[in-house]
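*Asks:* Dumping the structure here so I can ask a few things about it.
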Amino acid sequence: MKKVTDFIEINQAVVRIKNYKKKLVTNFFPNREKVEIWISKNQFYTIEIGEVIYFLKKNENFYALFFIASSNEELDKSLLELLVDFSEEILMLDIVQREETSDLLNVFYSKSFNLYTSLVRMNRLNHQVDLLSISTDGVKEASGHHLISLTNILYSFFDEKAEQLPDEKELGNWIENKNVLIYEEDNQIGGFLVYEIIGNTLYLRYWFVHPNFRDKRVGSKLFYEFENKGKDANRHLFWVIRSNENAIKRYKHYGFVEEKMYNFVLTNKNIRYEE
Amino acid sequence: MDLYFKDKEITGMLVILPSNEIYFEEEMENYNFSTAKSLKLKAALGLNKRRVVQEGVCASDLAIKGLDYLFSNGKLVKEEIDALLFVTQSPDYIMPPTSNVIQGHFNLKQDMICLDINQGCAGFIVGVNQAFMLLDQSSISKVVLINADVLSPKVSKRDRNSNPLIGDAASITIIEKTSNRTEIFGSIKMDGKGAFSLQIPAGGAKLPISANTSEMLEDVSGNFRSKENLVMKGDDVFNFVQAEVPPMIESLLNMAKIDKDVVDYYMFHQPNKFMLNKVADKIGVNRGKMPSNIVENFGNSSGVTIPIVTWFNVADEIKEKRLKICFSGFGVGLTWASLLMDVGPLSFCEMIEY
Amino acid sequence: MKSKIIAVLNDIRPEFDFNEPVDNFIEAGMLDSFDLVTLVTSLDEVFEISIDGTDILPENFSNIESILNLLNKYSK
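Protein chains in written order, with my numbering: chain A, 1 to 275; chain B, 276 to 629; chain C, 630 to 705.
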């Protein structure tokens, strides 16, 4: 297993796999900014086994696994060795696809990978919402000095294994780009919402209300402000954990629908997502 | 050798850790092992990350930062320091003693004792013992014990037996006379026949530094190190600890007439999780009472692991309550030393970063 | 018992076959000191014992017979 020292190694890996002139099977769609932060922190590694090149992002208690393979069959063969090497470690990987089942998923299941959890994407085409009548008192853009509290909340309340949480530096960048809304009362953060606008699409990345603030409509205030920010985008998107029925009901109430777009989170250990 | 002290206590503990953290994976390529083997090593010894200084930082730098913090926050008054002990195996100079350098830096009073003590894994205990002995003098009421080691520069990056385990750190412990009736039981043993079980061969008078001493040589297990690097006879040290430490603890408890279950915590030197778990099992105490979580979080910083394991696991508790603690350090010398005493409530037990 | 021991050994060093009779695993390069740590941890778990630290010596783990002898000591 070698440390990755340059983003270009990912491109080179793709070229090497394409040279086998079979297919290209992968779950890795790197976000350059994110990956470069990982590289700079010595958290990004690679290992080549057979006709598969794996990339691993080291987290505190597990590795996030990415693969680039020449075919499902080669992936199947190579996983055997990978699992022996990493028998003492927790591996987590994401597979995003439009179907509930697939040959690719079966490759992992056949190697004793378990489903940790799965997420579904929800969307809504933009429509005019009467925002003027809704008070968003207390909601404002986060600033630099909120970074540490926000990082702490993210890592305390979200499951790192189910959702790819941002690095402190990444979150810092989001704050600088004005992509983070918070609800603050008496110097305490009651809730926050992180979003991105890419082209015509408004993405909700993280949305959280602190248990102590749950009856104060903090969630809806943040959400309405988020909609306001994205009023020029024609599509709103986010991922939600499928077992979180309350959340899905809430979003449907706001006019969102479930797409046929799923994120399966797999792991090599016998662990499951817990609310 | 049995030791007995009265009416003295530890009143505060500060740990100073370098902020620079290195994960096991970052250095895997340096070892002569396959991925699988390296990860097995990581799992077997319970390794994850360690704290290591940036280049050029010395043990005294960590200590000075710590003292500075205590002085500026009113937790320690310069004029009250009657003795300054500096326990280390990585002094700033062969001459002068680093404790004098620190004394000069802070312009401490002249009517005091400064003493460097060359001790490693049992160094904290040896230092506390020394502090207790000094406090028997009527002119000495407060001893500042600094235990600091920056050994990472002395370990070969291609030595997978040692490199992934070593951490750098410093600690400052205040030890004073007290009007409370306290009883402290101690035990210390040494075996010079094992003196070379842990050593750095070159750099002293016996084998001065030369072009030869920096040459990297391979050992039977595939590790590369030079004569200027730390070398450990791992098996010998392991066997010595397993054979000698449990009986010492048993005899210490007997001497104090205390049952092993009455002790709240066994704060032992942290060589690695596996070794400590075996010692806990042999003594017959619940592994929860003998925390072994320091190497995986901060690395093995020699004697300093004892204050670190205390701060990391019971900082809040020890600031509120009085805890019965059995401390034990074992390693280079060979030395093995233990103390059974009540500690707390401490006026401070915290960590700052360098 | 013997088959459990062989299973544990094969798990630790899958590249070797511990079914084959060997005089000394350690001398043959099939087990090193770190493997002993993993071996003891696994044997402790599988047989629900705690092998004494002073018994963790290469001669007690040199082949299946010596491991069996050691384990018998703990099953009493």
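All residues carry an ideal CB built from backbone N, CA and C; glycine is no exception.
Taking B:M438 as the reference, which of B:C389, B:N514 and B:E571 has the closest Cα?
*Replies:* The identity of residue 438 of chain B in the sequence shown is Asn, whereas the question assumes Met. Here the closest residue by C-alpha is B:E571.
*Asks:* Report all residues from its chain with a CB closer than 7 angstroms to the CB of A:N72; omit the five preceding and five following residues, and keep chain order.
*Replies:* So the list reads V25, D103, L104 and V107, once near-sequence residues are dropped.
*Asks:* What is the C-beta distance between A:Y109 and A:L82, in whole angstroms, given that I count them as a contact (C-beta under 8 angstroms)?
*Replies:* Contact flag wrong, Cβ pair sits at about 15 angstroms.
*Asks:* Just reading off the beta strand (DSSP E) that A:E48 is part of, what are its end residues?
*Replies:* Note, A:E48: beta strand (DSSP E), F44 to I49.
*Asks:* Got a sec: is the Cβ-Cβ distance from B:M626 to anything in chain A below 9 angstroms?
*Replies:* For B:M626, the answer is no, since every Cβ of chain A falls outside 9 angstroms of its Cβ.
*Asks:* For a test of the three-state rule: what should DSSP assign to C:L686, helix, strand or coil?
*Replies:* Coil at C:L686, not helix or strand.
*Asks:* C:G682 touches chain B at which residues, Cβ-Cβ below 7 angstroms?
*Replies:* Ordered by position in chain B, the residues that pass the 7 angstroms Cβ test against C:G682 are Q517, K553, V554 and K557.
*Asks:* When you compare only the Cα positions, how much space is there between A:D159 and A:N173?
*Replies:* Computed Cα separation, rounded: 22 angstroms.
*Asks:* In terms of residue numbering, what span does the beta strand (DSSP E) encompassing A:L119 cover?
*Replies:* Counting along the chain, the beta strand (DSSP E) containing A:L119 begins and ends at N114 to L125.
*Asks:* Have a look at B:K548 and B:G321 and give me their C-alpha separation to the nearest angstrom.
*Replies:* Using only the alpha carbons, I get a separation of about 6 angstroms.
*Asks:* To the nearest angstrom, report how far apart B:V607 and B:S577 are at their CA atoms.
*Replies:* If you take the alpha carbons of B:V607 and B:S577, they lie about 9 angstroms apart.
*Asks:* With a cut-off of 9 angstroms, does the C-beta of B:M288 fall near any C-beta of chain A?
*Replies:* Not an interface residue.
*Asks:* B:L314 CB to nearest chain A CB: under 9 angstroms?
*Replies:* Output row for B:L314: interface = yes.
*Asks:* How far does the beta strand (DSSP E) with B:A612 in it extend, from its first residue to its last?
*Replies:* Element bounds for B:A612: T610 to V618.
*Asks:* For B:D630, count the other beta carbons within 10 Å of its own beta carbon; 16 or more makes it buried, fewer makes it exposed. Which is it?
*Replies:* Residue 630 of chain B lies beyond the stretch modelled for chain B, which goes from 276 to 629, so this question has no answer here.
*Asks:* So, with DSSP's three-state summary, where would you put B:T373?
*Replies:* Residue state, collapsed to three classes: helix.
*Asks:* Would DSSP call A:F264 helix, strand or coil?
*Replies:* If DSSP states are grouped into helix, strand and coil, A:F264 belongs with the strands.
*Asks:* Ignoring anything shorter than 3 residues, give me the beta strand (DSSP E) runs that lie fully in the region 359-408 of chain B, in order along the chain.
*Replies:* Listed in chain order, the complete beta strand (DSSP E) runs (minimum 3 residues) inside the region 359-408 of chain B are 388-392.
*Asks:* With a Cβ-Cβ cutoff of 9 angstroms, do C:L672 and C:I634 count as a contact?
*Replies:* Taking 9 angstroms as the Cβ cut-off, C:L672 and C:I634 qualify as a contacting pair.
*Asks:* What beta strand (DSSP E) runs, 3 residues minimum, are completely inside the region 277-360 of chain B?
*Replies:* DSSP runs (the beta strand (DSSP E)) wholly in the region 277-360 of chain B: 277-281, 283-292, 296-298 and 324-326.
*Asks:* Runs of 4 residues minimum, wholly inside the region 490-536 of chain B: which ones carry the alpha helix (DSSP H) assignment?
*Replies:* You should have 509-531.
*Asks:* Are B:R421 and B:A445 touching if we call contact CB-CB under 9 angstroms?
*Replies:* The amino acid occupying residue 421 of chain B in the given sequence is Ile; Arg does not appear at that position. Cβ distance < 9 angstroms, so B:I421 and B:A445 count as in contact.
*Asks:* Note the first and the last residue of the continuous beta strand (DSSP E) segment covering A:F67.
*Replies:* That run of the beta strand (DSSP E) goes Y63 to A69.
*Asks:* Work out the CA separation of A:E168 and B:V589 for me, nearest whole Å.
*Replies:* Rounded to the nearest angstrom, the two C-alpha atoms are 28 angstroms apart.
*Asks:* Could you compute how far the alpha carbon of A:A64 sits from the alpha carbon of C:S695?
*Replies:* The alpha-carbon atoms of A:A64 and C:S695 are separated by roughly 41 angstroms.
*Asks:* Can you check which of these residues, B:S309, B:G341 and B:L292, is closest to B:V327 by C-alpha distance?
*Replies:* That would be B:L292, whose Cα lies nearest to the Cα of B:V327.
*Asks:* Return the chain-ordered list of same chain residues with a C-beta closer than 7 angstroms to the C-beta of C:S691, the five sequence neighbours on each side being excluded.
*Replies:* Closer than 7 angstroms at Cβ, skipping near neighbours: N653, F654 and I655.
*Asks:* Which residues share a DSSP beta bridge with B:G461?
*Replies:* According to DSSP, which records beta bridges pairwise, B:G461 is partnered with B:L278 and B:L614.
*Asks:* Who are C:E674's beta bridge partners in DSSP?
*Replies:* Paired residues: none, contrary to the question.
*Asks:* May I have the straight-line CA-CA distance separating B:I533 from B:G349, to the nearest angstrom?
*Replies:* Taking the straight line joining both Cα atoms gives about 37 angstroms.
*Asks:* If the cut is a Cβ gap below 7 angstroms, which residues of chain C does B:S437 touch?
*Replies:* Neighbours of B:S437 on chain C: none; closest Cβ ~13 angstroms, over 7 angstroms.
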